[in-house]
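J.: Sharing a structure below in structure tokens format, with a few things to ask.
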Amino acid sequence: MGKLSCLKLVHQLRMIWTKVDPHIYRLNRETKFIPRPAAQLWWHDRLVAKTILKIIPPFIKPNYLTTFRFLATPVVAFLMFREDYLVGLIAFLFVVFTDMLDGSLARVRNQVTEWGKVYDPLADKILIASMVFIIVLRYIDWGTAMLIVGIEAVVVCLAWIRKREGGKVEANIWGKIKMVLQVAGVSVLLLAIIFNWASLVPIASGTLYLAIAFAVVSLLTQGI
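Note that the sequence shown covers residues 99 to 322 in this note's numbering.
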């Protein structure tokens, strides 16, 4: 067997052993990142790897995007406070998009850090809490707003305690579903305000209550 055939065989065996999508493996090889097993990737990670990550240079780190969310949240909150809801909605969705992007970036490029595990979800909670205080509190009711913020505060406190005790702190599937529902609820509420569609308010309210239910499940399963 020639040298080229041996190298090809080794490459095929490595692909089978790691169970990595060929595109992700090529991306990692080109950018000097270590392939991650497919079991550690979410379905949207593969989609992002085959599309958006193609144009993101290697020097862009996931933690940079998390830091951007911390800095961008006050801007979004300011737009909402000024009742510039259309621009605020666009800015809100863009900031949420960076949340999806930094997680996929970290997993696909094997750049998951302990800092990111803690501060990535914290940035999400601050963003959602600001929307709740400005929008939900005003257009839905006080109880819904306090439930959302209260549960998130408990989750953050318990995660901090678990981290100090050396425990594992990271998001789980229930927390991810909760975040999607929170974003959907806030977005629908903003659409109701922008276009004066009162019929959307109960839908937004119901979506946020469903998010509260998933937040409780995430809390009970020690997610963040």
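Ideal Cβ placement from N, Cα and C applies to all residues, glycine included. Bear in mind that the values here come from a model prediction, so they are computed numbers and not experimental data.
(1) With H, G and I counted as helix, E and B as strand and the rest as coil, what does DSSP make of G264?
(2) When the Cα of I224 is compared with those of L169, R180, E268, which residue comes out closest?
(3) Going by C-alpha to C-alpha distance, which of A313, V284, Y162, A311 sits closest to L298?
(4) Where do the N-terminal and C-terminal ends of the alpha helix (DSSP H) with V278 fall, by residue?
(5) For E181, does the count of other Cβ atoms within 10 angstroms reach 16, so buried, or fall short, so exposed?
(6) Do you know whose CA, among F195, Y183, L318, lies nearest A257's CA?
(7) Using 9 Å as the threshold, is the C-beta distance between N161 and W213 below it?
(8) Using only alpha-carbon positions, find the residue among P156, T196, I158, A221 that is nearest to P172.
(9) Using only alpha-carbon positions, find the residue among L288, V278, I292, A296 that is nearest to A311.
T.: Taking the coordinates as given:
(1) coil
(2) L169
(3) V284
(4) 271-292
(5) exposed
(6) L318
(7) Going by beta carbons, N161 and W213 fall inside the 9 Å limit.
(8) A221
(9) Selected option, being the one with the closest Cα: V278.
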